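Q:
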Amino acid sequence: MKFWRVPLDADDIQVSKGIVYILEDRCKGCGYCIEFCPRHVLEFSSKINAKGYHLPAVIKAEECLSCHYCEIICPEFAIYSIEIPCESTENTKGIEIITKTQKTESTK
Amino acid sequence: MAKKTPKHPLDDLIRKDRIPHIWCPGCGIGTIFSSCLTAIKESGIDLKKFVMISGIGCSGRAAGYVNLDSFHTTHGRAIPFATGVKLANPELNVIVFSGDGDLFAIGGNHFIHAARRNVDITVICVNNFNYGMTGGQVAATTPNMAKTTTTPFGNPETPFNLPLMAYAAGATYVARWTMLHSRDLTESISEAILKNGFSFIEALSPCPINYGRRNKLKPLDQLKLYQEKTIIKNDAKPTELDINFEKGVVLGKFVDIERPTYGDSYNKICRPDKLE
């Protein structure tokens, strides 16, 4: 993320990331998820589903913050995002702590 | 080999064999329905203690899609059925999910009397400004001068102000949101489920095929209108809540009061021996 001024706690804050899943059979191509995604992750694709509706496609997967707005606004139960655990190569405090706790959990 | 994809978070609350549903592309009922399901899920109450009742119309189909105990009633009679369910088994959380035509045109009398009695039910009214299922005729909620099948020169009538009517009839919780404000809508529905008394939530929804097409409003234009021409004002005066998109439509929670419910006063007067 780009800041015009780096916040003092930038090292401690970690930005959540998500993966968008689209259930193609349910989509009716209304375009609400594309229009209202705050990070403009989605776009209309030329691909059509069995009913002939144009599907959304993920164009900027790394931008997704898993805010779930596409999931909330979709009238068709056809799109949802799942938050992925933060596994960044950046060596920041917050991430270290998280990875440590994950390791301890997995060893249990 | 494809990786196993996780399922949709609401998949356990919908009847998946009936999805995709019949609602048109761009219709807001699906969004309001999913807000309602999210609120039910987040309430943490046992799902067996929920009953969803709906009347006839596009939004009446919701009872058929929800994987809870549900009932699709006769036209306009969703609230009388809900009253009966609540009186027969007061432990249940009864949700009426229906449209403006069902609740306020043919079922208008039932609505005001349930609000007067303060029956402990939650009523969610999907307001799409016309009779969508039958072909877009003028309804009791169609805005003045809007074009419909039966008013090709513009609607000469004044529409109902639904929150004012609910307030005047005695509802204990009244709110209005649009399908675009779905997080607020979900929060409001959660509050209404927990509220002890008659709660009414009006949710505005676009009807792209029947209302939008005749009024030159594409579904996305209608959502832009909801984004730009709405004012969130909690505790606004109920008389100011008429729907006029030129002036701006007021959204928010308008009424949240306490009043003895019908079940309580019935037990007190007619079944005093059961009270201990």
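Sequence order for the protein chains is A and B.
Read left to right, the first sequence gives residues 1 to 108 (this note's numbering).
Read left to right, the second sequence gives residues 1001 to 1276 (this note's numbering).
Heads up, the beta-carbon is just placed ideally off N, CA and C, and yes, glycines get one too.
Model, not experiment: these values are computed from the prediction.
(1) Could you please tell me which residues of the region 1043-1065 of chain B, in chain order, have their CB closer than 7 Å to any CB of chain A?
(2) Once the 5 residues before and after Asp1012 (chain B) are set aside, which same chain residues still bring their CB inside 8 Å of it?
(3) Using a beta-carbon distance below 8 Å, is Gly29 (chain A) in contact with chain B?
(4) Using three-state DSSP, classify His54 (chain A) as helix, strand or coil.
(5) Going by Cα to Cα distance, which pick from B:Lys1041, B:Ala1078 and B:Thr1038 is closest to Ser1054 (chain B)?
(6) Based on DSSP bridge pairs, tell me the residues matched to His1075 (chain B).
(7) Ile1029 (chain B) and Asp1102 (chain B) - do their beta-carbons sit closer together than 8 Å?
(8) Taking the C-alpha atoms as reference points, what is the distance between Pro1156 (chain B) and Thr1122 (chain B)?
(9) Quick check: is the beta carbon of Pro56 (chain A) nearer than 8 Å to any beta carbon in chain B?
(10) Mapping DSSP to helix, strand and coil, what is Gly1044 (chain B)?
(11) Mapping DSSP to helix, strand and coil, what is Gln1137 (chain B)?
(12) Can you tell which of A:Tyr69, A:Phe36, A:Gly29 and A:Leu8 has the C-alpha that lies nearest to the C-alpha of Pro56 (chain A)?
(13) Apart from the five residues just before and just after Lys1229 (chain B), which ones in its own chain have a Cβ nearer than 6 Å to its Cβ?
(14) Given that Leu1220 (chain B) touches chain A, what residues does it touch there, using C-beta distances under 8 Å?
(15) Alpha carbon to alpha carbon, how far is Thr1186 (chain B) from Tyr1266 (chain B)?
(16) Using Cβ-Cβ distances below 7 Å, what residues of the region 1005-1022 of chain B are close to chain A?
(17) Taking the C-alpha atoms as reference points, what is the distance between Thr1178 (chain B) and Leu23 (chain A)?
(18) Does the region 1119-1135 of chain B come into contact with the region 1090-1100 of chain B, if we say contact requires no fewer than three beta-carbon pairs (one atom in each stretch) closer than 8 Å?
(19) Over what stretch of residues does the alpha helix (DSSP H) that includes Gly1108 (chain B) continue unbroken?
(20) Which residue wins for smallest C-alpha separation from Leu1251 (chain B), given the options B:Leu1204, B:Pro1238, B:Lys1195 and B:Ile1232?
(21) Measure from the alpha carbon of Ile72 (chain A) to the alpha carbon of each residue in A:Ile48, A:Ile34 and A:Glu63, then state which is nearest.
(22) Would you say Arg1061 (chain B) and His1008 (chain B) are within 8 Å of each other, going by their C-beta atoms?
(23) Does chain B have any CB closer than 8 Å to the CB of Leu8 (chain A)?
(24) Please classify Ser1054 (chain B): does DSSP put it in a helix, a strand, or coil?
(25) Name the chain B residues that come within less than 7 Å of Ile73 (chain A), Cβ to Cβ?
(26) Using a Cβ cut-off of 7 Å, which residues of the region 1176-1209 of chain B contact any Cβ in chain A, in chain order?
(27) Would Gly1136 (chain B) and Asn1089 (chain B) be called neighbours here (beta carbons separated by less than 8 Å)?
(28) What is the residue span of the beta strand (DSSP E) that Gly18 (chain A) lies within?
(29) When the Cα of Asp1069 (chain B) is compared with those of B:Met1145, B:His1181, B:Lys1048 and B:Val1085, which residue comes out closest?
(30) What residues match up with Leu1204 (chain B) in a beta bridge as DSSP calls it?
(31) Among B:Tyr1226, B:Val1255, B:Ser1182 and B:Gly1263, which has the Cα closest to the Cα of Phe1033 (chain B)?
(32) Once the 5 residues before and after Ile1019 (chain B) are set aside, which same chain residues still bring their CB inside 8 Å of it?
A: Well, looking at it:
(1) none
(2) Asn1067
(3) yes
(4) strand
(5) B:Ala1078
(6) According to DSSP, His1075 (chain B) bridges with nothing at all.
(7) no
(8) 32 Å
(9) no
(10) coil
(11) strand
(12) A:Gly29
(13) Phe1245 and Gly1248
(14) Gly31, Tyr32 and Glu35
(15) 31 Å
(16) Thr1005, Pro1006, His1008, Pro1009, Leu1010, Ile1014, Ile1019 and Pro1020
(17) 25 Å
(18) yes
(19) Gly1108 to Arg1117
(20) B:Ile1232
(21) A:Ile34
(22) no
(23) no
(24) strand
(25) Thr1031 and Ser1182
(26) Ser1182 and Arg1183
(27) no
(28) Lys17 to Ile22
(29) B:Lys1048
(30) B:Asn1127 and B:Thr1178
(31) B:Ser1182
(32) Tyr1065
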